[in-house]
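First the structure, in the form of structure tokens, and then the observations on it.
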DNA sequence: AACGTGACAAGGC
DNA sequence: AGCCTTGCCACGT
């Protein structure tokens, strides 16, 4: 088991997180904390945000399926990025209640 | 090598 | 409900 405090040189922390994000099935969303835990970094949701921010475009990683614990998109409400993410999620069939997404319903690993 | 920053989260007011 | 504080830790200066 890889410790969260262990330093990784060969495989970057980013790659581990990206791989985890790629495991989120279409039509589902995961929170930053959830991705962090699954990637082997419990209690480090910020690492996920950091990794996604460093994500190069055209990576094929479904970054839009990652939202915050409140079920909201972690971008300023009017930002282009926020609109894009919301569009991508709607395209996958997810329904927003205002700004919020129902994690009980669309959350990854919620009702398997 | 120290310091500030960040696409977060949880807890206190 | 919102706002502030604290924990967390990789990265670029």
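Residue numbers (our numbering): -2 to 109. Don't be surprised by glycine CBs; every beta carbon is placed ideally from N, CA and C. Since the structure is predicted, the reported quantities are computational estimates derived from the model, not experimental observations.
Residue i, buried or exposed, once every other Cβ within 10 Å from all chains shown has been counted against 16
{"i": "residue 3", "result": "Here the model assigns residue 3 a pLDDT of 48, short of 50, so the residue's position is not dependable, and the following value carries that caveat. By the neighbour-count rule (16 or more Cβ atoms within 10 Å), residue 3 is not buried but exposed."}
{"i": "residue 48", "result": "buried"}
{"i": "residue 42", "result": "buried"}
{"i": "residue 59", "result": "buried"}
{"i": "residue 8", "result": "exposed"}
{"i": "residue 33", "result": "buried"}
Those residues which DSSP pairs with residue i across a bridge
{"i": "residue 64", "result": "28"}
{"i": "residue 45", "result": "According to DSSP, residue 45 bridges with nothing at all."}
{"i": "residue 93", "result": "98"}
{"i": "residue 104", "result": "26"}
Residues of its chain near residue i, where Cβ-Cβ distance is below 8 angstroms and the 5 sequence neighbours each way are ignored
{"i": "residue 27", "result": "18, 21, 35, 62, 63, 64, 104, 105, 106"}
{"i": "residue 46", "result": "29, 71"}
{"i": "residue 85", "result": "61"}
{"i": "residue 51", "result": "11"}
{"i": "residue 90", "result": "24"}
{"i": "residue 93", "result": "83, 86, 87"}
Cβ-based neighbour list, residue i, same chain, cut-off 7 angstroms, excluding 5 preceding and 5 following
{"i": "residue 0", "result": "Note that residue 0 has pLDDT 42, beneath the 50 cutoff, so the model's placement of it is unreliable and the number below is only indicative. Excluding sequence neighbours, residue 0 sits near nothing in its chain."}
Proximal residues to residue i (C-beta, below 6 angstroms), its chain only, five neighbours per side dropped
{"i": "residue 74", "result": "none"}
{"i": "residue 15", "result": "58"}
Touch test, the region 34 to 49 against the region 72 to 82, Cβ-Cβ under 8 angstroms, three pairs minimum: no
Touching or not, the region 63 to 75 and the region 86 to 105, by the rule of three or more beta carbon pairs under 8 angstroms? yes
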